[in-house]
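One point on numbering: in numbering that gives the first Met the number 0, the residue at position 25 of the sequence shown is 24, and numbering is uninterrupted.
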Amino acid sequence: MASTTFQHLDAAKQQRVLAALITEFSQYPLAQAQVARIVKQADIARGAFYKYFTDLDDAYRYAFGQVIGRLHAGITGPTMRQDPYTATADFLHEASESRDRDFIRLHFTKNSGLVNVARPQVPADATDWAVASLCHSAISEVLADPADATLILAHLKAALSQLQVKE
């Protein structure tokens with residue numbers, strides 16, 4: 000995560016660095032991201048980047064946390080536990096309308112397997128695990144190919160019904 004040095008920067012500079020991170024990770028998968036582009040856009044020295052973050056993975060985890068926090072703040076419907084289908088559909092809608100949609104799309108289609116970000120604990124109950132896996136898979140598939148969203152969400156609803164989960 001971001002260092003204490005970064006956390007002590009003034010808010011404007013933190014936002015400038017965050018904006019540069021989000022721009023980079025919205026345009027390039029993590030494997031192709033470059034510190035050089037980030038520092039140029041943020042107008043900081045390369046050495047400062049490494050005082051703020053250990054490496055690109057660390058910077059990505061910080062940016063992901065900020066983006067996902069903004070995204071979840073915009074969702075006011077039922078929680079995943081209450082109604083997983085609606086929560087998934089709401090997440091997809093919010094993501095498609097978000098200013099961070101390209102970041103989210105690249106995360107789910109390219110970056111999620113490259114870097115560990117904070118993930119919820121694996122549910123002890125097998126049905127809860129299956130529901131979470133199905134919902135995250137549906138999110139990844141819709142973000143990869145939005146044209147198939149209706150079909151993917153219909154399959155999700157049917158699968159959740161088979162698991163006897165509230166829709």
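Ideal Cβ positions, reconstructed from N, Cα and C, are used throughout, including at glycine.
Just to confirm before moving on: does the CB-CB distance between residue i and residue j stay below 8 Å?
i: Thr91; j: Leu133; result: What sits at residue 91 in the sequence shown is Leu, not Thr. No, the Cβ-Cβ distance between Leu91 and Leu133 is not below 8 Å.
i: Pro28; j: Asn110; result: yes
i: Ala1; j: Tyr51; result: yes
i: Ile103; j: Leu70; result: yes
For residue i, does the count of other Cβ atoms within 10 angstroms reach 16, so buried, or fall short, so exposed?
i: Ala35; result: exposed
i: Val66; result: buried
i: Pro145; result: exposed
i: Arg45; result: exposed
i: His106; result: buried
i: Leu155; result: buried
i: Thr87; result: buried
i: Glu166; result: With a pLDDT of 49 at Glu166, under the threshold of 50, the modelled position of that residue is not reliable, and the figure given next carries that caveat. Per the 10 Å Cβ criterion, exposed.
i: Ala94; result: buried
i: Val121; result: exposed
i: Val140; result: Per the sequence presented here, residue 140 reads as Glu, with Val not at that position. Looking at its Cβ environment, which holds 16 or more other Cβ atoms inside 10 Å, Glu140 is buried.
i: Asp42; result: exposed
i: Asp99; result: buried
i: Leu150; result: exposed
i: Leu142; result: buried
i: Ala137; result: buried
i: Ala32; result: buried
Less than 8 Å between the CB atoms is what I'm expecting for residue i and residue j, so what's the real figure, rounded?
i: Leu162; j: Val130; result: 6 Å
i: Asp89; j: Gly76; result: 5 Å
i: Ala62; j: Leu113; result: Their Cβ separation, rounded to whole angstroms, is 14 Å, which puts Ala62 and Leu113 out of contact at 8 Å.
Would you call the segment 2-11 and the segment 20-28 in contact, with 3 or more CB pairs under 8 Å? no
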